[in-house]
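Data block below; observations after.
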Amino acid sequence: MTLAIAGKSPAKRGATAKRPPRHGAARAKQLFRGLVDSPLIEMARDVSRGLPAQMVDDAADYLQVPKSEIMAITEVKAASLSRWTREGLMLPLGESDRLARVARVVRVARQVLGSEEEAVLWLNTPVPALGNVKPLSLLTSDASSRIVEDTLARAAAGVYA
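With positions in the sequence shown counted from 1, the corresponding number in the numbering used here is that position plus 42.
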């Protein structure tokens, strides 16, 4: 899923990229789902260009959590997100990278657990192998997200997770 439009230069932070229109429940989750489904090389390209600020809302819808939880993981301030979303701007590189990290872990969870529903449930349920914390809450750093991915890899291999 390449978010940039062919023939146009990538949007920069503060650039006035058009915001995708919100079309209710039918459109909810689509931007984030597209990121989860995109090849890693495209995900990396999209991150370097900046992900749409609207994707924070979509991630919260997809993961069935309050937007504040995604904002905490991505380190996005409420006032900034509100302005970026209203003006149709892209997230800065750091925030885009942290949101892509969430998408990458969702993809791994979906592959290991077999479905989107099971992946979302697992990410939102305390896991004994992770000290009885929700895996989603550990996606705040690269190091802790690697622990979540390792736990999923062990589960796929049949080792206690």
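For every residue, glycine included, the Cβ atom is placed at its ideal position computed from N, Cα and C.
What separation, rounded to the nearest whole angstrom, lies between the Cα atoms of D103 and V201?
Taking the straight line from one Cα to the other gives about 31 Å.
Let's test the definition: count the other Cβ atoms within 10 Å of the Cβ of G92 and tell me whether it reaches 16, buried, or not, exposed.
When all chains shown are included, G92 counts as buried.
Cβ-based neighbour list, N174, same chain, cut-off 6 Å, excluding 5 preceding and 5 following:
The beta carbon of N174 sits closer than 6 Å to the beta carbons of P168 from its chain, once the five residues preceding and following it are set aside; these are given in chain order.
Give the DSSP-derived three-state secondary structure of V107 in the structure shown.
Coil.
Which residue marks the beginning of the alpha helix (DSSP H) containing S179, and which one marks its end?
Careful: S179 lies outside any alpha helix (DSSP H) and carries neither H nor E.
To the nearest angstrom, report how far apart G66 and D99 are at their CA atoms.
Note on G66: pLDDT 45, under 50, position unreliable in the model; the coordinate value appears next. G66 and D99 have their C-alpha atoms some 12 Å from each other.
Please determine if the region 125-136 and the region 76-96 are in contact, where contact requires at least 3 C-beta pairs separated by less than 8 Å.
With the rule of 3 Cβ pairs closer than 8 Å, the region 125-136 counts as touching the region 76-96.
V147 and S183 closer than 7 Å at C-beta
Taking C-beta atoms as the reference points, V147 and S183 fail to come closer than 7 Å.
Proximal residues to G49 (C-beta, below 7 Å), its chain only, five neighbours per side dropped:
Any reading at G49 is ruled out, since the residue's pLDDT is 36, under 50, leaving its predicted position unreliable.
How should A142 be labelled, buried or exposed, when 16 other C-beta atoms within 10 angstroms of its C-beta is the threshold for buried?
By the 16-neighbour rule on beta-carbons within 10 angstroms, A142 is buried.
Do R149 and T116 have their C-beta atoms within less than 7 Å of each other?
No; because the gap between Cβ atoms is not below 7 Å, this pair is not in contact.
Cut-off 7 Å between Cβ atoms - residues of its own chain near A101, not counting five sequence neighbours on either side
Answer for A101: F74, I112, L141, V144, listed in chain order.
Select from L180, S122, S90 the residue whose C-alpha is nearest the C-alpha of G136.
Nearest C-alpha to G136: S90.
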